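A.B. asks:
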Amino acid sequence: MMDIQTSTKDSIYASNYLVAALQRQVFSRSSISAFLVNKEVTGGTNEENGPDRFNRIGGLEYNLSSPDNKWTGKAFYHHDIHEGTSFNDAALAAILKYSSQYLSASLNQIAVGKDFNAETGFVRRRGYYQVAPKIGYKFFPNSSSIANHGPGIESDMYFDPAGSFSLTDRETEISYNIEWLNRNIFSIEFENSYVKLDAPFDPTNTGGFKFNANDEFTWNEVGASFISDVRRLLNFEISGRYGGYYTGTRLTLDGKLFYRVQPYGSLSIVTTYNNIILPEPYNSAKLFLIGPRFDFTFTDRLFFTSFIQYNNQIDNLNLNLRFQWRFAPVSDLFIVYTENSFPTDYRVKNRGIVVKLSYWFN
Numbered sequence: 024m025m026d027i028q029t030s031t032k033d034s035i036y037a038s039n040y041l042v043a044a045l046q047r048q049v050f051s052r053s054s055i056s057a058f059l060v061n062k063e064v065t066g067g068t069n070e071e072n073g074p075d076r077f078n079r080i081g082g083l084e085y086n087l088s089s090p091d092n093k094w095t096g097k098a099f100y101h102h103d104i105h106e107g108t109s110f111n112d113a114a115l116a117a118i119l120k121y122s123s124q125y126l127s128a129s130l131n132q133i134a135v136g137k138d139f140n141a142e143t144g145f146v147r148r149r150g151y152y153q154v155a156p157k158i159g160y161k162f163f164p165n166s167s168s169i170a171n172h173g174p175g176i177e178s179d180m181y182f183d184p185a186g187s188f189s190l191t192d193r194e195t196e197i198s199y200n201i202e203w204l205n206r207n208i209f210s211i212e213f214e215n216s217y218v219k220l221d222a223p224f225d226p227t228n229t230g231g232f233k234f235n236a237n238d239e240f241t242w243n244e245v246g247a248s249f250i251s252d253v254r255r256l257l258n259f260e261i262s263g264r265y266g267g268y269y270t271g272t273r274l275t276l277d278g279k280l281f282y283r284v285q286p287y288g289s290l291s292i293v294t295t296y297n298n299i300i301l302p303e304p305y306n307s308a309k310l311f312l313i314g315p316r317f318d319f320t321f322t323d324r325l326f327f328t329s330f331i332q333y334n335n336q337i338d339n340l341n342l343n344l345r346f347q348w349r350f351a352p353v354s355d356l357f358i359v360y361t362e363n364s365f366p367t368d369y370r371v372k373n374r375g376i377v378v379k380l381s382y383w384f385n
């Protein structure tokens, strides 16, 4: 159980947040749990807040894990509790996975009602039904260099329950993967995408002309990736993808470089480049993101992490510094400083400091 009380800040009234959860193990490795999340506005008046004074989410969850760990899964039902509640105020899912040496398969099904509102959290999308099947197979050849290889196919589909379950989004990918005995991994994939817009949309997010709601698009892409042996002190990942993108084309290049300075810490850098070309009058864009990171271990109890990210799409430079002190088992003090600024003259947009203390009672 956890209870948090906030104070009034600007136009946001003081609120109380309560989370209570109960879990019980069933069978050998599975569990069932129930929870309640309650948000109550304690500032302002009843007339000012009205029916929004409360937001409550209750739910049941079941986590499946077979004794041999070949079968895993999860099922849940979450409900937004308020007067006049209906099925449209719920979110539910059933996820089942099977994994063996040769075969892996999974099926995810998720449904979120159009009125489901979880204020203590984040609901990315409402009013949809999602189905995502996936299957892969591995061959283990008698080879002096290749450990395994095999095909895979997966699809991710969204349907609109209010529109006779019509298809609104689909991504289907066929891939082939090769893993060498030295742990290097190479994969190649082909992807077909379909989308029906539910609102006006600019694919570059640069303030240009937007495609209209209900416009439909289909395109194809091909890609490849390579992951080097992660056991080495210096390792990397590279990937590239090219193909259609709405009515134009898109080239995507990703790179990650990691270096471990044992036993003190690690250095890494992540980069992403997107070249989006769309016909007039829509905006084309060359989007670039780079993020170096530094992790340092002072002792087995003191840790420091610094992260910088530059994003030219939103013209932003982000700095994040985190200090961690593990003063007791599973107990930590975190001090985090974050700052967003303009990359040209380094004028600060906003900054903040967060202090978090956690303690494990045993």
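With the numbering used here, the residue at position 153 of the sequence shown is 176, and numbering never jumps. Heads up, the beta-carbon is just placed ideally off N, CA and C, and yes, glycines get one too. Computed from a prediction, not measured in an experiment: that's the story for all the values here.
May I have the straight-line CA-CA distance separating THR65 from ALA37, to the nearest angstrom?
C.D. replies: In a straight line, the C-alpha of THR65 is about 5 Å away from that of ALA37.
A.B. asks: Can you look up GLY107 in the DSSP assignment and give me helix, strand or coil?
C.D. replies: GLY107 falls in the coil class under three-state DSSP.
A.B. asks: Given 8 Å as the limit, is there contact between the segment 219–228 and the segment 242–255, that is, 3 or more CB pairs closer than that?
C.D. replies: With the cut-off at 8 Å, the segment 219–228 and the segment 242–255 do not touch.
A.B. asks: With which residues is ASP183 paired in a DSSP beta bridge?
C.D. replies: ASP183 pairs with SER189.
A.B. asks: Do ASP338 and GLN347 have their C-beta atoms closer together than 8 Å?
C.D. replies: Taking 8 Å as the Cβ cut-off, ASP338 and GLN347 do not qualify as a contacting pair.
A.B. asks: DSSP on ARG149, reduced to helix/strand/coil?
C.D. replies: The answer is coil: DSSP assigns ARG149 none of H, G, I, E or B.
A.B. asks: In this structure, does DSSP put ARG52 in helix, strand or coil?
C.D. replies: ARG52 falls in the coil class under three-state DSSP.
A.B. asks: Could you check whether ALA117 and GLY136 sit closer than 8 Å to each other, using their CB atoms as the reference points?
C.D. replies: In this structure, ALA117 does not lie closer than 8 Å to GLY136 by Cβ.
A.B. asks: Could you compute how far the alpha carbon of ASP26 sits from the alpha carbon of TYR333?
C.D. replies: Computed Cα separation, rounded: 37 Å.
A.B. asks: ILE176: which of PHE188, LYS157, GLU194 sits nearest, CA to CA?
C.D. replies: When each option's Cα is compared against that of ILE176, the closest is LYS157.
A.B. asks: Hey, how far is the Cα of SER34 from the Cα of ALA185?
C.D. replies: If you take the alpha carbons of SER34 and ALA185, they lie about 35 Å apart.
A.B. asks: Nearest by alpha-carbon distance to GLU63: which of SER53, THR229, PHE139, PHE77 is it?
C.D. replies: It is PHE77.
A.B. asks: Could you tell me which residues DSSP puts in a beta bridge with ASN258?
C.D. replies: Beta-bridge pairing links ASN258 to PHE281.
A.B. asks: Across the segment 118–125 and the segment 84–99, are there enough close Cβ pairs to call them in contact, namely three or more that are closer than 8 Å?
C.D. replies: Segments in contact, yes.
A.B. asks: So, for SER51: in the same chain, excluding its five sequence neighbours on each side, which residues have a beta-carbon less than 6 Å away from its beta-carbon?
C.D. replies: For SER51, where only same-chain residues beyond five positions count, the Cβ hits under 6 Å are PRO90.
A.B. asks: Exposed or buried, what is ASP323 when buried is set at 16 or more other beta-carbons lying within 10 Å of its beta-carbon?
C.D. replies: Exposed: under 16 other Cβ atoms inside 10 Å.
A.B. asks: Quickly, what does DSSP pair PHE350 with across the bridge? List them, please.
C.D. replies: Beta-bridge pairing links PHE350 to no other residue.
A.B. asks: Starting from PRO315, trace the beta strand (DSSP E) in both directions and tell me its first and last residue.
C.D. replies: Unbroken beta strand (DSSP E) run through PRO315: 308–320.
A.B. asks: At which residue ranges does the segment 191–272 contain complete beta strand (DSSP E) runs of 3 or more residues, listed in the order of the chain?
C.D. replies: If we require 3 residues or more, the beta strand (DSSP E) runs fully inside the segment 191–272 come out as 208–219, 239–250, 257–268.
A.B. asks: Does DSSP classify ASP112 as helix, strand or coil?
C.D. replies: Looking at ASP112 - three-state DSSP - the assignment turns out to be helix.
A.B. asks: Find out if the Cβ-Cβ distance for the pair LEU342, THR328 is shorter than 8 Å.
C.D. replies: For LEU342 and THR328, no; Cβs fall outside 8 Å.
A.B. asks: With distances taken Cα to Cα, identify the nearest neighbour of TYR350 among SER381, SER129, PHE213.
C.D. replies: Reading off the sequence shown, one finds Phe at residue 350, where the question assumed Tyr. Measuring from the Cα of PHE350, the nearest candidate turns out to be SER381.
A.B. asks: Rounded to the nearest angstrom, what separates SER167 and GLY173 at their Cα positions?
C.D. replies: One C-alpha to the other measures close to 17 Å.
A.B. asks: Which residue marks the beginning of the beta strand (DSSP E) containing LEU126, and which one marks its end?
C.D. replies: Segment 126–135, the beta strand (DSSP E) holding LEU126.
A.B. asks: Please go through the same chain and pick out, in chain order, the residues whose beta-carbon is closer than 6 Å to the beta-carbon of GLU214, but skip the five residues on each side of it.
C.D. replies: Same-chain partners within the cutoff: GLU196, GLU244.
A.B. asks: Is DSSP giving ARG79 helix, strand or coil here?
C.D. replies: DSSP places ARG79 in strand when its eight states are reduced to three.
A.B. asks: In terms of residues, what are the limits of the beta strand (DSSP E) holding PHE326?
C.D. replies: Counting along the chain, the beta strand (DSSP E) containing PHE326 begins and ends at 325–334.
A.B. asks: Spatial neighbours of ASN86 within its chain, please: C-beta separation below 7 Å, excluding the five flanking residues on both sides.
C.D. replies: Closer than 7 Å at the Cβ level, and outside the excluded window around ASN86, lie SER53, SER54, LYS97.
A.B. asks: Would ASP192 and ASN306 be called neighbours here (beta carbons separated by less than 8 Å)?
C.D. replies: Not closer than 8 Å, so no.
A.B. asks: In terms of alpha-carbon separation, which member of GLN48, ASN61, ARG47 lies closest to ASN39?
C.D. replies: If we check each option's Cα against that of ASN39, ASN61 comes out closest.
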